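First the structure, in the form of structure tokens, and then the observations on it.
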Amino acid sequence: MAHESEAKSLCALQHEVEAFIQSLAHPVVVEDEVELFDLTSARWQLSTQFNKLLFEAWNPTRTLARRVEEVAYRDGGRLGVFVRKPHARETSVIEFRELHPQQRKGRERERSAFRQEFVAMLKQEFQGWRLEKVTNRSDREHSFSTWYTRGLARQGRTGCAFIGLSRGEAPAAADAVLAFGLIWLDWLRNRSDRATVPRLRIYLPREAVGLNAQRAAAINHRAVQLELFEWNGGGERPARVVLETAGDVSTRLVRHRPNEALISRHRELLRDLLSDDVDRVMMATDTSGKFVSVRVAGLEIARIEGDLSPKIYFGLEGSIRRLDDNSQDGFRNFVSRVLARRNAASEDTTDEFYRLQSERWLESMLVSNITRIDPALSPGFAYPQVPAFSRTDRGVIDILSVTRGGRLAVIELKLEEQINLPFQALDYWLRVEKLRQERKFQDYGYFPGVALADAKPTLYLVVPAFRFHSTTTRMLRYLDPSITVMQIGINDQWRQGIKALFRRELRAGV
Numbered sequence: 024m025a026h027e028s029e030a031k032s033l034c035a036l037q038h039e040v041e042a043f044i045q046s047l048a049h050p051v052v053v054e055d056e057v058e059l060f061d062l063t064s065a066r067w068q069l070s071t072q073f074n075k076l077l078f079e080a081w082n083p084t085r086t087l088a089r090r091v092e093e094v095a096y097r098d099g100g101r102l103g104v105f106v107r108k109p110h111a112r113e114t115s116v117i118e119f120r121e122l123h124p125q126q127r128k129g130r131e132r133e134r135s136a137f138r139q140e141f142v143a144m145l146k147q148e149f150q151g152w153r154l155e156k157v158t159n160r161s162d163r164e165h166s167f168s169t170w171y172t173r174g175l176a177r178q179g180r181t182g183c184a185f186i187g188l189s190r191g192e193a194p195a196a197a198d199a200v201l202a203f204g205l206i207w208l209d210w211l212r213n214r215s216d217r218a219t220v221p222r223l224r225i226y227l228p229r230e231a232v233g234l235n236a237q238r239a240a241a242i243n244h245r246a247v248q249l250e251l252f253e254w255n256g257g258g259e260r261p262a263r264v265v266l267e268t269a270g271d272v273s274t275r276l277v278r279h280r281p282n283e284a285l286i287s288r289h290r291e292l293l294r295d296l297l298s299d300d301v302d303r304v305m306m307a308t309d310t311s312g313k314f315v316s317v318r319v320a321g322l323e324i325a326r327i328e329g330d331l332s333p334k335i336y337f338g339l340e341g342s343i344r345r346l347d348d349n350s351q352d353g354f355r356n357f358v359s360r361v362l363a364r365r366n367a368a369s370e371d372t373t374d375e376f377y378r379l380q381s382e383r384w385l386e387s388m389l390v391s392n393i394t395r396i397d398p399a400l401s402p403g404f405a406y407p408q409v410p411a412f413s414r415t416d417r418g419v420i421d422i423l424s425v426t427r428g429g430r431l432a433v434i435e436l437k438l439e440e441q442i443n444l445p446f447q448a449l450d451y452w453l454r455v456e457k458l459r460q461e462r463k464f465q466d467y468g469y470f471p472g473v474a475l476a477d478a479k480p481t482l483y484l485v486v487p488a489f490r491f492h493s494t495t496t497r498m499l500r501y502l503d504p505s506i507t508v509m510q511i512g513i514n515d516q517w518r519q520g521i522k523a524l525f526r527r528e529l530r531a532g533v
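Heads up: the sequence shown runs through residues 24 to 533, numbered per our numbering.
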């Protein structure tokens, strides 16, 4: 009955999205205020696969695939839906809307109206203070974003930095507001010779408070007097967020259920189909221990469901089909193509199989030998893609490991510059620390036989050496001093073999 109910819900969601798109004269799909596709000139479809709803759009030059989870909002001719990129950890929102020539100007007007309302509120909050440098102009050189209105309140030689977020901005803006606030504070401190700036105030709409309160509670309050305020506009007064309560981390863990017997049986099943090629693929059970994922360098190419009468599905997300007597040759050819193209010696580095899910490729290499980034890590324990929930948010830790001395290690991987890396990684560190305090890991099947140390986890940031964002080190200075961070810079050609070009232990807050 549950399966039938879920199928009906997906069908209803599919019809709602399709009907909305078809109701628009000139539909476009937008993500983070960037137009991804004009759906009048591109082809698109919604389809159900593996009890998941998939939205695809494509034209002769590029494609888009997103797994649709639920409607986020529907108002004023806009439909926002929560989606995930293939194999992504976090949800984002894409929006279907009508294309209007004046759309960009409309967004600018909205931001201008927010800035005026925000400044009017600040004048009431900072009576007797002077407001300076108030703007929302973008400045890429200094990493300032048009998402936020920022400025400085000054009274004599004392200043207070502030930054405000409108609820009309994209979810990515709420996720990154703490990073951009601290960047703004840092800039003011380095250039304000007439005033000291000990404080930073961040004004947020209600829906952005929870996550940022958790992060703010882990800030070094000797480095900055950080204050969060909930402010939803509309003439209301801002309400100060009590970090001691709002910043409390509530989390739960998914049990680790390895099923080596099932993997062994299914490997022999695949051997009959793939011969020796089966020894070149990786196989792992999912968190339930009932399904087997078949991967090449971290990329899932097949999935085996069931035990006594297993069903094999193969292909990439968006083109998955069930294996039957008529598709065995197609399956063998598909696996052979992936193996030929997704390897370090591949001659075509622009090939889709080579480029897809690069972080999962790196992850698979590290899981096979985690000491490549730090010999202090225990070679016997590296758990990839560990689900860890915080309230209603489901996150996935890239790699969870442990040092030879028993100290937990939270490992976050990134292959591109990301301004918000320290705080996204902090989310997972906070969850792991909470679970450590509750002694949950070994109860849930992790680290059997290991005497876990009574010490806070170490946070590892693993990025190609020249792709750390220029603000990363500055952001880490603002974290609580009890958080130890290992910054690992690896070689750009990591597919040919991972090398740690530098390894820096940073004490946050120092």
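Just so it is clear, CB atoms sit at the ideal spot from N, CA and C, and this is done for glycine as well.
In this text the structure is predicted, and so the values were computed from the model without any measurement.
Practice task
Tell me E92's beta-bridge partners as DSSP assigns them.
Solution key: The partner list for E92 (beta bridge, DSSP) is empty, contrary to what the question assumes.
Exercise for the section: Keeping to the same chain, check which residues put their C-beta closer than 6 Å to that of N499; ignore five residues upstream and five downstream. Expected result: Checking the displayed sequence, the identity of residue 499 turns out to be Leu instead of Asn. Closer than 6 Å at Cβ, skipping near neighbours: P445, V508, L529 and A531.
Problem - Three-way DSSP call (helix, strand, coil) for G428 in this model - result: coil
Exercise for the section: Within its chain, find whatever has a CB closer than 7 Å to the CB of R275; leave out the 5 residues flanking it on each side and keep chain order. Expected result: F412
Handout entry: Buried or exposed by the 16-neighbour rule on C-beta atoms within 10 Å, applied to A197
Key = buried
Problem - Cα-Cα separation, L292 to D98 - result: Their Cα atoms are separated by approximately 51 Å.
Exercise for the section: State the Cα-Cα distance for the pair E375 and E54, rounded to the nearest angstrom. Expected result: 23 Å
Problem - Three-state secondary structure assigned by DSSP to G182 - result: In the three-state scheme derived from DSSP, where H, G and I count as helix and E and B as strand, G182 is classed as strand.
Practice task
Could you check the C-alpha separation between T268 and D503 for me, to the nearest Å?
Solution key: 17 Å
Problem - Residue from V200, T172, Q147 and R222 whose Cα sits closest to the Cα of T181 - result: R222
Exercise for the section: Drop a sphere of 10 angstroms on the beta-carbon of F354, count the other beta-carbons inside from all chains shown, and report buried for 16 or more, exposed for fewer. Expected result: buried
Problem - Touch test, the stretch 345-361 against the stretch 145-159, Cβ-Cβ under 8 Å, three pairs minimum - result: no
Practice task
With A195 as the anchor, note down where its alpha helix (DSSP H) starts and where it stops.
Solution key: The continuous alpha helix (DSSP H) containing A195 extends over residues P194 to R214.
Practice task
Taking 8 Å as the cut-off, decide whether the C-beta atoms of H279 and G468 are in contact.
Solution key: yes
Practice task
Starting from S70, follow its DSSP beta bridges and name the residues at the other end.
Solution key: Per DSSP, L77.
Practice task
Check whether the stretch 38-50 touches the stretch 86-103, counting contact only when three or more Cβ pairs, one atom from each stretch, lie closer than 8 Å.
Solution key: yes
Handout entry: Anticipated Cβ contact below 8 Å, P265 with A231, distance rounded
Key = Correcting the residue identity first, residue 265 is Val in this sequence and not Pro. Not a contact, Cβ separation roughly 16 Å.
Handout entry: Given 8 Å, three or more beta-carbon pairs between the stretch 335-344 and the stretch 300-311
Key = no
Practice task
Pick helix, strand or coil for I286, following the three-state DSSP scheme.
Solution key: helix
Exercise for the section: Out of D209, F337 and H244, point me to the one whose CA is closest to F185's CA. Expected result: D209
Exercise for the section: Spatial neighbours of G204 within its chain, please: CB distance less than 6 Å, with the 5 preceding and 5 following residues excluded, ordered by chain position. Expected result: I186, L223 and I225
Problem - Pairwise C-alpha distance: K437 and A25 - result: Reliability fails at A25, whose pLDDT of 46 lies under 50, so the model's placement of it is uncertain and the value that follows must be treated cautiously. CA-CA distance, A25 to K437, rounds to 37 Å.
Exercise for the section: Quick one: using the 10 Å Cβ neighbour count with 16 as the cut-off for buried, is G338 buried or exposed? Expected result: buried
Practice task
With DSSP as the reference, please indicate the residues paired to P410 in a beta bridge.
Solution key: V419
Exercise for the section: Evaluate contact between the stretch 306-316 and the stretch 279-290, counting only Cβ atoms and requiring at least three cross-stretch pairs below 8 Å. Expected result: Contact between the stretch 306-316 and the stretch 279-290 is established, with three or more Cβ pairs separated by less than 8 Å.
Problem - Contained beta strand (DSSP E) runs [length at least 3] in the stretch 481-531, N- to C-terminal order - result: 481-487, 507-513 and 523-530
Practice task
Return the Cβ separation of P407 and I396 in integer angstroms, given the expectation that the two are a contact with Cβ distance under 8 Å.
Solution key: Not a contact, Cβ separation roughly 14 Å.
Handout entry: Cutoff 8 Å; reference V473; Cβ partners in own chain excluding five residues on either side
Key = S401, F404, V425, G429 and Q465
Practice task
Could you name the residues of the same chain whose beta carbon sits closer than 6 Å to that of V91, not counting the 5 residues immediately before and after it, in chain order?
Solution key: Cβ contact annotation for V91 (same chain, cutoff 6 Å, sequence separation greater than five): L76, F78, V104 and V106, in chain order.
Handout entry: Reference D216, options I506, R177 and Y96, closest by Cα
Key = R177
Practice task
Along the beta strand (DSSP E) that carries S316, what are the first and last residues, could you check?
Solution key: F314 to V319
Handout entry: Span separating the alpha-carbon of A325 from that of H289
Key = 12 Å
Exercise for the section: Drop a sphere of 10 angstroms on the beta-carbon of D515, count the other beta-carbons inside from all chains shown, and report buried for 16 or more, exposed for fewer. Expected result: exposed
Practice task
Please classify K437: does DSSP put it in a helix, a strand, or coil?
Solution key: coil
Handout entry: Own chain residues within Cβ distance below 6 Å of F525, not counting five before or after
Key = G512
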